[in-house]
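Structure, as structure tokens:
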Amino acid sequence: MATYEAEAAAPVVVKDPSERLAARIGRGVARLPVHIFLAFIAVLWLIPTIGLFLTSLLSPSDYITNGWWKVIAHPHLATWSNYSNVWNETDIPTSLRITAEIAIGGTIIPILIASLAGYAFAWIDFPGRDWLFVFVVALLVVPLQMALIPVFTLYNHLHLYDTIAGLILFHTAFGLPFAIFLLRNFFIGIPKDILESARIDGASEYRIFFRLILPLGLPAIASLAIFQFLWTWNDLLVALVMARNTTPITVDIFSQLRQFGSNIDIIAPASFMSLVIPLVVFFSFQRYFVQGLLAGSVK
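Sequential numbering from 23 applies to the sequence shown in this note's numbering.
What follows is the structure, encoded as structure tokens:
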């Protein structure tokens, strides 16, 4: 009791506002070199994107004569006519639509299958589970280039060559091993007590999967979705081999570069439009992406 009274009677030290302000300023000054360095790295990282955007606003003659950096000092050199010409006079809009269909299909289908398979490998006991998972992991080392000719022959027999469905299936097949491996390792870290409580309450495996596993695994699924979308969107090799007329944006830009190497007023706007959509997707799911990277680091 006496101790409590002594503690209660002890004077409360209140820091002067000027001292707190000085402490905050001191911490800010101490972190200033780190902030300057990070800002410098960010500017270096953004220079190619800024250069591509400014190049897309220049006519070919202004680009050759002045360079894209002159737009900063002379904004009157910029024009939006390049984007208007690309959108109205080329096949770029069709290529963007085809790319979006392939990327969305090639992201949703493998993630849905991998989520089910990852849950089965993590929490359902069936004969040969471990050996089958080892086989899935072994598929990670199979190079994509090795399958191009056999799949090309198979697609010709199945009439899947030069189709959106064929490209989606190809990206699904080669995205599944990594997706299953990643999601299985994430799902196995979910506390077992949660699943056992759900089974005691009479929940089926499908109900557990859709009501528990998917919400808890959303960070890992979102991170995987970002990677799979970017890989599919930026693919060039598979589209060059497996498509002739159903060409995504990467093949269309490549053909423009090959046929009209100096046609910068088409290549630059098309490249920037192809760049913007993945950036929008990444920043839209950035919060889940960071959570997926940190998942499992803290118990």
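Note that the Cβ used here is the ideal one computed from N, Cα and C, for glycine as well.
If you measure between the beta carbons of residue i and residue j, is that distance less than 8 Å?
i	j	result
Leu217	Leu240	no
Ala242	Leu204	yes
Phe192	Val164	no
Pro270	Ile133	no
Pro291	Val108	yes
Thr77	Trp90	yes
Arg206	Ala247	no
Gly140	Ile202	yes
Met264	Tyr177	yes
Ser137	Leu236	yes
Trp253	Thr121	no
Rounded to the nearest angstrom, what separates residue i and residue j at their Cα positions?
i	j	result
Ile226	Ala142	Note that residue 226 corresponds to Ser in the displayed sequence, not to Ile. If I take the Cα positions, the gap works out to 13 Å.
Gly318	Phe251	Low local confidence applies: a pLDDT of 46 at Gly318 is under 50, so the model's placement there is unreliable, with the coordinate-based value given in what follows. Roughly 23 Å separates the two Cα atoms.
Ala52	Ala64	20 Å
Phe333	Ala261	In the structure as shown, the chain starts at 23 and stops at 321, and residue 333 therefore has no counterpart that could be examined.
Thr194	Phe200	11 Å
His181	Asn267	14 Å
His98	Asp274	30 Å
Lys321	Gln308	Only weak support exists for where Lys321 lies, its pLDDT of 40 falling under 50; the coordinates are left without a value.
Leu161	Asn110	44 Å
Ile186	Ser106	27 Å
Ala61	Arg49	18 Å
Ile131	Ser293	27 Å
Val36	Ile47	Here Val36 scores only 48 on pLDDT, less than 50, and its place in the model should not be relied on; the value that follows carries that caveat. Near 19 Å, if we compare the C-alpha coordinates of Ile47 and Val36.
Thr272	Asn88	28 Å
Ile171	Leu258	16 Å
Ile126	His179	26 Å
Val159	Met168	17 Å
Ile210	Asn104	51 Å
Pro149	Phe304	39 Å
Assuming the contact rule is C-beta atoms closer than 8 Å, residue i and residue j should be a hit. Round their C-beta distance to whole Å, please.
i	j	result
Leu79	Ala100	4 Å
Asp287	Pro82	5 Å
Phe196	Leu166	6 Å
Ala220	Ile230	5 Å
Arg74	Leu297	Arg is not the amino acid found at residue 74; the sequence shown has Leu there. About 7 Å separates the two Cβ atoms, so the contact holds.
- Message: Restricting to runs no shorter than 4 residues, where is the alpha helix (DSSP H) found entirely within the segment 173 to 251?
- Response: Runs found: 186 to 209, 214 to 222 and 227 to 230.
- Item | alpha helix (DSSP H) runs contained entirely in the segment 119 to 143, provided each spans 4 or more residues | Runs of the alpha helix (DSSP H) inside the segment 119 to 143: none found.
- Task: Only counting runs of 4 or more residues, tell me where the alpha helix (DSSP H) segments fall wholly within the segment 253 to 308, in order along the chain.
- Result: As far as the segment 253 to 308 is concerned, its whole alpha helix (DSSP H) runs of at least 4 residues are 259 to 264, 271 to 281 and 286 to 306.
- Every unbroken alpha helix (DSSP H) inside the segment 61 to 96 [4 residues or more]: Along the segment 61 to 96, the alpha helix (DSSP H) occurs as fully enclosed runs of 4 or more residues at 82 to 87 and 92 to 95, listed in sequence order.
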